[in-house]
Amino acid sequence: MTLLEVEDLHTHFISRDIDNRVRIAKALNGVSFSLQAGRILGIVGETGAGKSLTAQSVVGLLRPPARIVAGSVRFEGRELTTMPPEDLNRIRGAEIAMVVQNPRTSLDPLTRVGDQLVRLHQIHSGGSLEMSRKRALEMMEAVGIPAPESRAKSWPHELSGGMAQRVLLAMALMNGPKLLIADEPTTGLDVTVQAQILDLLRDLVARFNMATMIITHDLGVVAHFCDDIAVMFGGSIVESGPVADVFAAPVHPYTRNLIGATPEQFQKGRARTLGGQPPDLYNLPPGCALQSRCEFATELCRTPVPNKEIAPTHFALCHFAGTLDEMKPKEARA
Amino acid sequence: MTNPVLKVRGLCKHFPVGGKQFVNAVNHVDLNISPGETLGMVGESGSGKSTIGRVILRLSEPTEGSIEFNGQDITHLPKSKVRPLRRDMQMVFQDPWSALNPRMRIRDLIAEPIKLHMPLSRSERHDRTEDLARRVNLSTSFLNRTPANLSGGQLQRVCIARAIATDPKLIVLDEPTSSLDMSVRAGILELLAEIREETKAAMLFISHDLGTVRMISDRIAVLYLGEVVEQGQAEALFETPAHPYTQALLSAHLPADPRIKVTRHVLGGEVPSPIALPPGCKFHTRCPVAIDRCSSVVPGTLTVPTGQEARCLRIPDGGNIIQRKEIA
Numbered sequence: 002m003t004l005l006e007v008e009d010l011h012t013h014f015i016s017r018d019i020d021n022r023v024r025i026a027k028a029l030n031g032v033s034f035s036l037q038a039g040r041i042l043g044i045v046g047e048t049g050a051g052k053s054l055t056a057q058s059v060v061g062l063l064r065p066p067a068r069i070v071a072g073s074v075r076f077e078g079r080e081l082t083t084m085p086p087e088d089l090n091r092i093r094g095a096e097i098a099m100v101v102q103n104p105r106t107s108l109d110p111l112t113r114v115g116d117q118l119v120r121l122h123q124i125h126s127g128g129s130l131e132m133s134r135k136r137a138l139e140m141m142e143a144v145g146i147p148a149p150e151s152r153a154k155s156w157p158h159e160l161s162g163g164m165a166q167r168v169l170l171a172m173a174l175m176n177g178p179k180l181l182i183a184d185e186p187t188t189g190l191d192v193t194v195q196a197q198i199l200d201l202l203r204d205l206v207a208r209f210n211m212a213t214m215i216i217t218h219d220l221g222v223v224a225h226f227c228d229d230i231a232v233m234f235g236g237s238i239v240e241s242g243p244v245a246d247v248f249a250a251p252v253h254p255y256t257r258n259l260i261g262a263t264p265e266q267f268q269k270g271r272a273r274t275l276g277g278q279p280p281d282l283y284n285l286p287p288g289c290a291l292q293s294r295c296e297f298a299t300e301l302c303r304t305p306v307p308n309k310e311i312a313p314t315h316f317a318l319c320h321f322a323g324t325l326d327e328m329k330p331k332e333a334r335a
Numbered sequence: 003m004t005n006p007v008l009k010v011r012g013l014c015k016h017f018p019v020g021g022k023q024f025v026n027a028v029n030h031v032d033l034n035i036s037p038g039e040t041l042g043m044v045g046e047s048g049s050g051k052s053t054i055g056r057v058i059l060r061l062s063e064p065t066e067g068s069i070e071f072n073g074q075d076i077t078h079l080p081k082s083k084v085r086p087l088r089r090d091m092q093m094v095f096q097d098p099w100s101a102l103n104p105r106m107r108i109r110d111l112i113a114e115p116i117k118l119h120m121p122l123s124r125s126e127r128h129d130r131t132e133d134l135a136r137r138v139n140l141s142t143s144f145l146n147r148t149p150a151n152l153s154g155g156q157l158q159r160v161c162i163a164r165a166i167a168t169d170p171k172l173i174v175l176d177e178p179t180s181s182l183d184m185s186v187r188a189g190i191l192e193l194l195a196e197i198r199e200e201t202k203a204a205m206l207f208i209s210h211d212l213g214t215v216r217m218i219s220d221r222i223a224v225l226y227l228g229e230v231v232e233q234g235q236a237e238a239l240f241e242t243p244a245h246p247y248t249q250a251l252l253s254a255h256l257p258a259d260p261r262i263k264v265t266r267h268v269l270g271g272e273v274p275s276p277i278a279l280p281p282g283c284k285f286h287t288r289c290p291v292a293i294d295r296c297s298s299v300v301p302g303t304l305t306v307p308t309g310q311e312a313r314c315l316r317i318p319d320g321g322n323i324i325q326r327k328e329i330a
């Protein structure tokens, strides 16, 4: 069942420069994807590709000068982009939950962690305080916090990074969300702790049948914890599909380079390094954003790019998707 | 066997934190690096990786132990005597944005170490600067710009150019790629591998990214709470890790390829505080194969059949191997 449907989303940063001329940074340029209950989508891309901005656009957390200029976000059929803030507030934190990258700065430093969980539940459920407390302890236990009763009395600064991330996960789960958005949930954590949190996240997704979106720059996380992958570049999803298909046979030049740049591929001697600057969002070229960095680029790339269907669930935003091997046969894939 | 470029014995570094307490960042570390060799150093945050890198170059003062560089004991050498040695030992830092003076031009930044350490005329220096820029694949058109106009990858190339400017014998690289995007990272690693071939400089490569370390290192040292728990040839250490911590650390690594089956053991808990170190083996609080003796006896260094040196009490009885679970 499709829970979230994002269609042709455009988010721009609109500001004025020192001469009072309007400047527009086109940060998202037609992002479309959908999320199903019980499935995990991994969004990858380099800094400035628009990963976090996509999440913020979806949940309506954009701040000026950023704003959605076109497109739609439908959550269970309800349009979120035009929803009044009061209605959106009822959904956020309840049906849609978010876990962000830096757990320490996301907790209120002046409130005990248990009270923060209770507060969140009270706002949305309106039940008795007793019930909220019970729920808080249950959720803390569900995310693997030992001795929840005593931990609930801790202050945020007393928690380690991994523990704080667990508290944030518990917080996200408090109101039984249908959609969970995790923005770099393990980036600041050590690898052994990262493994704990990712295992936990996946168990929770299966247990509560949530639709989940993980934003990351670690292809390893996507390869082993996600069902689907969406690769972003220059504010667009350039390739999307099931993880196994995209990793086995990436068709977009950017995805190929990205996967080729991982240490695993690098060792196999298939390295293709892609250099170059991220595209200037104030001054995007017509057509494909990658054209200045792409080794296959031709005149055709300056024209609007089709989102080609490679397989029923595998899409790539490239004129030459699926035909790259013929263009440079010496780079035939294994 | 050739003499090592760097020989470290019993190195300790303790930082006072008040109240007669100390952060025991580095505890009795022994290391050797031979000429032309790359030693990879891995560990989680707080394991003392960066501190070791700094102490070795005398950027921090060691608390105990000895550091021998090129056969010369530099542990207690006065600052003025260390300075000329810096020509032969260089460092590349994690964050290139804060490692370069923002008000200097790239040209002057690269020329700075040459000016300090090499008796070259102005025009020779100028030529060498341009050669170095080209060597690190940096267009010479960048030379008259300031750091603010370059991207992170380009800045890291400038840092590498500075580090190799004086043909050093040892380069310490402290997480040189972790602040960069993955697409840029590959280019930097490629460059480092080339430079190692050409200059035959020894490298100490500090990183928490296991994939990267495996790619670039000849030998690897694994750190836990400021102690080297295992050390050995890269291939052997990755294929048959002996210490339980190494096994858990390696198994937590996720290769970026869904076809590679991952079997792993997920450690419980988190790294204990380096202020109050656990007695006995420092890993026993999280170790899945710990026995009673581990909490009281400090393990010595043992050589395992595959060649690594590891510090674990369970090696003699074969109980050091953790059973792994496959993830779905």
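Each protein sequence line maps, in turn, to chains A and B. Residue 2 is where the first sequence starts when you use our numbering, and the numbers rise one by one after that. Residue 3 is where the second sequence starts when you use our numbering, and the numbers rise one by one after that. All C-beta atoms in this analysis are idealised placements derived from N, C-alpha and C, irrespective of residue type, glycine included. None of these values were measured; they are calculated from a predicted model.
For C14 (chain B), the uninterrupted beta strand (DSSP E) segment begins and ends at L8 to P18.
A Cβ of chain B is located within less than 9 Å of the beta carbon of T193 (chain A). For V174 (chain B) and Q310 (chain B), the gap between their C-alpha atoms comes out near 23 Å. Restricted to the segment 9-56 of chain A, the beta strand (DSSP E) segments that are unbroken, complete and at least 3 residues in length are 23-37 and 41-45, listed in chain order. Spatial neighbours of C289 (chain A) in its own chain (CB-CB distance under 6 Å, excluding positions within 5 residues in sequence) are listed in chain order as C302 and V306. Under DSSP, R266 (chain B) forms a beta bridge with B:K327. L282 (chain A) is not a Cβ neighbour of Y255 (chain A), given a cutoff of 9 Å. A distance of 9 Å or more separates the beta carbons of V186 (chain B) and S49 (chain B). Within the segment 123-161 of chain B, the runs of alpha helix (DSSP H) that reach at least 4 residues and sit entirely inside it are, in chain order, 124-137. Per DSSP, reduced to three states, the secondary structure at R68 (chain A) is strand. Counting the other CB atoms within 10 Å of its CB gives E240 (chain A) a total of 16 or more, which places it among the buried residues. It is roughly 24 Å from the alpha-carbon of H320 (chain A) to the alpha-carbon of T48 (chain A).
Within the segment 310-322 of chain A, contact with chain B at the beta-carbon level (separation under 9 Å) is assigned to no residue. In terms of Cβ geometry, E300 (chain A) and K179 (chain A) do not form a close pair [threshold 9 Å].
R85 (chain B) and A113 (chain B) have their alpha carbons spaced roughly 17 Å apart. From the listed residues B:R89, B:D110 and B:M93, the smallest Cα separation to P121 (chain B) is found for B:R89. Within the segment 181-256 of chain B, complete alpha helix (DSSP H) segments of at least 4 residues are found at 184-201, 212-218, 236-241 and 246-253, given in chain order. Under a criterion of Cβ atoms nearer than 7 Å, the residues of chain A adjacent to P260 (chain B) are, in order, A224, H225, V244, A245 and F248. T303 (chain B) and Q197 (chain A) have their C-alpha atoms roughly 30 Å apart. For T12 (chain A), the number of other beta carbons within 10 angstroms of its own is at least 16, and it is reported as buried. Looking at the DSSP output, V7 (chain A) shares a beta bridge with A:F34 and A:V74.
Counting only runs of at least 4 residues, the segment 37-106 of chain B fully encloses the following alpha helix (DSSP H) elements, listed from N- to C-terminal order: 51-58, 81-87 and 98-101.
Taking one beta carbon from each stretch, the segment 117-134 of chain A and the segment 201-216 of chain A have fewer than 3 pairs nearer than 8 Å; the two do not touch. Beta-bridge partners assigned by DSSP to G242 (chain A): A:I230. Distance from the Cα of D169 (chain B) is smallest, within the candidate group B:T248, B:A258, B:I323 and B:Q92, for B:Q92. Comparing C-alpha distances from G12 (chain B) to each of B:V299, B:G228 and B:I324 shows the shortest one belongs to B:G228. Between the segment 62-76 of chain A and the segment 14-31 of chain A, the count of C-beta pairs closer than 8 Å reaches three or more; the two stretches touch. The three-state secondary structure of V28 (chain B), taken from DSSP, is strand. Taking a 10 Å sphere around the C-beta of N284 (chain A), we find fewer than 16 other C-beta atoms and assign the residue as exposed. In the three-state reduction of the DSSP assignment, M99 (chain A) falls in the strand class, which pools E and B.
For V300 (chain B), the three-state secondary structure derived from DSSP is coil. For T214 (chain B), the nearest CB of chain A lies under 9 Å from its own CB, placing it at the interface with that chain.
In the three-state DSSP reduction, T193 (chain A) falls in the helix class (H, G or I). Contact residues of the segment 199-225 of chain B toward chain A are H210, D211, L212, G213, T214, R216 and M217 (C-beta to C-beta distance below 8 Å). In this structure, the straight-line span from the alpha carbon of V10 (chain B) to that of G67 (chain B) is close to 8 Å. Boundaries of the alpha helix (DSSP H) around D326 (chain A): L325 to M328.
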